[in-house]
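Below is one structure, written out as structure tokens, with a few remarks after it.
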Amino acid sequence: MKKNLRTIIVVLVCAGLCIWYFHYLSNRDTGKEENLTEVEQVITKDLDKSYPKTAREVVKFYNRILQCYYNEEYTEEQLEQLTEQARVLMDKELQEKNPEKEYLAAVKLDVETYKEKEKKITSITMDSTNEVEYKNVNGEECAYVDVSYFIMEKDGNNRAQQTYILRKDADGKWKMLGFYQ
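Reminder that position 55 of the sequence shown reads as 54 in numbering that gives the first Met the number 0, one-by-one numbering, no gaps.
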């Protein structure tokens, strides 16, 4: 009887230690990423190693960048890094139409206009995966992703709609070719 009681106690202690260790692993601080702001998370994402796999994911990440532009606080250096990340998502053709310095200046001007008008993007809704339209245009694979932006202004709320056009590059990555309203 004493032997069985000892065995039960040892099993309970081991089970308790296993539960405690699982709880410890689940709740410990896993690194500094959790403490990063949204701007820091976006600019530290290594797009060379983890480029978005689908056209929808590319647009989704680009929209995170847009929300940083218009809704978050950042330094001048961070804004430059945000625009660099945005340009990585662009097709070569779009990059040529938006040289680095001109793109940065255009973003700064647009952000200033938003702030002057006290605008803020309150939410973004995007086509679901099965609603993304894929077409073959001149022998190139293209995708069309619709996005709705809900914008809060001092005069009320507004809604803007955009369709992003993406094209697969030689490496099979979806890149933004342009957009229209």
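Here a beta-carbon is modelled for each residue, glycine too, at the ideal position from N, C-alpha and C.
Residue i - DSSP class collapsed to helix/strand/coil
i      : result
Asp109 : helix
Gln84  : helix
Tyr179 : strand
Leu78  : helix
Lys2   : helix
Lys31  : Model confidence at Lys31 stands at a pLDDT of 46, short of 50, so the residue's coordinates are unreliable; what they give is reported in the following sentence. Looking at Lys31 - three-state DSSP - the assignment turns out to be helix.
Leu46  : coil
Lys167 : strand
Lys172 : coil
Ile18  : helix
Residue of the options minimising C-alpha distance to residue i
i      : options                       : result
Tyr163 : Asp126, Ile42, Asn70, Asn157  : Asp126
Val131 : Arg55, Ser49, Asn3, Val38     : Arg55
Lys48  : Val87, Val106, Gln180         : Val87
Asn129 : Gln84, Asp145, Gln94          : Asp145
Met175 : Asn62, Arg5, Asn3             : Asn62
Asp109 : Gln66, Thr121, Glu140         : Gln66
Gln77  : Met89, Lys107, Glu95, Leu93   : Lys107
Asp170 : Val41, Asp90, Lys116          : Asp90
Glu101 : Glu83, Tyr133, Lys116, Asp154 : Glu83
Lys44  : Leu81, Ser122, Pro98          : Leu81
Residue i: CB within 7 Å of a non-hydrogen atom of the ligand SAH
i      : result
Ile120 : Of the ligands one can find in the structure shown there are none, so the ligand SAH has no counterpart to examine.
Cutoff 6 Å; reference residue i; Cβ partners in own chain excluding five residues on either side
i      : result
Ala159 : Tyr148
Lys31  : Confidence at Lys31 is low in this model, with a pLDDT of 46, below 50, so the placement of that residue should be treated as unreliable; the coordinate-derived value is given next. No residues qualify anywhere along the chain.
Tyr113 : Tyr69
Pro51  : Val57, Phe60
Ala85  : Ile64
Lys119 : Asn70, Met151
Asn156 : none
Thr124 : Ser147
Glu140 : Lys167
Leu46  : Val87
Contacts around residue i, its chain only, beta-carbon distance under 8 Å, and the 5 residues preceding and following it disregarded
i      : result
Glu71  : Thr36, Glu37, Val38
Glu79  : Leu103
Lys116 : Glu152, Lys153
Chain-order list of residues whose beta-carbon lies under 7 Å from that of residue i (same chain, five-residue window excluded)
i      : result
Phe178 : Gln161, Thr162, Tyr163, Ile164
Leu93  : Met175, Leu176, Gly177
Which full runs of the beta strand (DSSP E) of 3+ residues lie inside the stretch 92-159, going along the chain? 119-125, 132-136, 139-152
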